[in-house]
Amino acid sequence: MGGYAAIVENEAPATFEGPTGSLRIGVERYQFPEITGDDWDSNWLIINGDAVLDGKSWTFRDACLTTFEMERLADWLDQVSSGKVENAFCGFTEPNLDFERVSDVAVRIAFSLEALPPWSKRDSDFGEIGFNVPIDNRVGAAANSLRALLTRYPVRARDGG
């Protein structure tokens, strides 16, 4: 699948799979690698996504997560995996992706804006296109993959600028 040419071999993308869809997300680079002292601009990541929904695939590439949001998502996935999640919803500044624990056995991943499939109506399908992922050991594995990506792209300048 598409956008992983820039990802180092040992940096496996975080993978989410469900009965009707899948998502692989990886990091290409910092959006602004030259900015290191600003809380926000230092931490935006260019995310590569490969998605499949009902047999149709697409890719997206966008600065839709910060390092600290990816860190929060990894922590949230660990909470979901352990059954001790405090907040059922995990969303981000740029709402291209969101994650929600919809039951004791499933997490819903929804796509919006730049992460939507090309055949969707970008003005009316906001958060309505997505799929469910079973809560099993793969949720914890995805959290570990996100943390592995963060070793190459750590949080920079938090509360520093």
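Residue numbering for the sequence shown is 158 to 318, as defined by the numbering used here. The C-beta atom is built at its ideal place from N, Cα and C for all residues, glycine as well.
Pairing residue 222 with residue 259, the inter-Cα distance amounts to about 22 Å.
Annotation: residue 188 to residue 291 spans about 32 Å, alpha carbon to alpha carbon.
Taken through DSSP and simplified to helix, strand or coil, residue 201 comes out as strand. Per the DSSP secondary-structure output, residue 309 pairs with nothing in a beta bridge.
Of the residues assessed, residue 211 falls on the exposed side of the cut-off, its CB having fewer than 16 other CB atoms within 10 angstroms. Comparing alpha carbon positions, the residue from 266, 251, 191 closest to residue 289 is 266. Under the DSSP assignment, residue 214 falls outside any alpha helix (DSSP H), being part of the beta strand (DSSP E) whose first and last residues are 213-223. In this structure, residue 253 lies away from residue 231, with their beta-carbon atoms at least 8 Å apart.
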